[in-house]
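Okay, so the sequence shown: first residue is -2 according to my numbering, each after it adds one. We treat Cβ as the ideally placed atom computed from N, Cα and C, and that holds for glycine. These figures come from a predicted structure and were not determined experimentally. Take a look at the structure below.
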Amino acid sequence: MTVQPIRLFGDPVLRTPADPVVDFDVELRKLVADLTDTMREQGGAGLAAPQLGVGLRVFTFDVDDVLGHLVNPVLEFPDSEEQDGPEGCLSIPGLYFDTKRRQNVIAKGFNAYGDPMQIVGTGLMARCVQHETDHLDGVLFIDRLDAAGRKEAMKAIRQAEWYDAAAPPVVKVNPHGAASPFGLGR
-2 MTVQPIRLFG
8 DPVLRTPADP
18 VVDFDVELRK
28 LVADLTDTMR
38 EQGGAGLAAP
48 QLGVGLRVFT
58 FDVDDVLGHL
68 VNPVLEFPDS
78 EEQDGPEGCL
88 SIPGLYFDTK
98 RRQNVIAKGF
108 NAYGDPMQIV
118 GTGLMARCVQ
128 HETDHLDGVL
138 FIDRLDAAGR
148 KEAMKAIRQA
158 EWYDAAAPPV
168 VKVNPHGAAS
178 PFGLGR
């Protein structure tokens, strides 16, 4: 178990959809431990494997004193209630932007041993689960902003101390269209 470097905005791995986990082995459990250690060291609410450069569908979370992980998540939304509030990302350090998300989510998947599990989240837990699952799909939270919000975010990113202008980032438009900013039906 070790703290790993986090990949920053502009790294292509953050834009590449992750592969499903097929081997629930000691290597997966080491990855979960590394994700957990790195997330906690950096003070994050969640961390997805692509943020460590690993293209597998697994993330960890630490929300409201609930620490855990989920492998191969599939999201369901029990209602259409929304939340709008500040969201940040360890791969876009120090920047926060109001982002719309669903208020409630049911995430189904597996633990690191291959046992089925489910997370029922509301509020911050729902936001975290959606954010981390987006990472597994190659989507960053700034992709979910409206055009003005994305423009503001990109300006702030270009001014950030950590930004590398030599590796220009790819910015996507909301992957689910303007009518569906929440990835309905995933």
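- Bridge pairing for D59: L64 [DSSP].
- Sequence-distant partners of T35 (beyond 5 residues in either direction) whose C-beta falls short of 7 Å from its own C-beta, in its chain, are V0, Q1, I3, L44 and L49.
- Each of D140, V126 and K97 was checked against the Cα of D59, and the nearest Cα belongs to V126.
- Boundaries of the alpha helix (DSSP H) harbouring V29: V23 to Q39, taken from the DSSP string.
- For R99, the beta-bridge partners assigned by DSSP are E79.
- A direct Cα-Cα distance of roughly 7 Å separates D140 from R147.
- L72 has its alpha-carbon roughly 21 Å from the corresponding atom of F21.
- Rounded to whole angstroms, the separation of the alpha carbons of Q115 and F74 is 13 Å.
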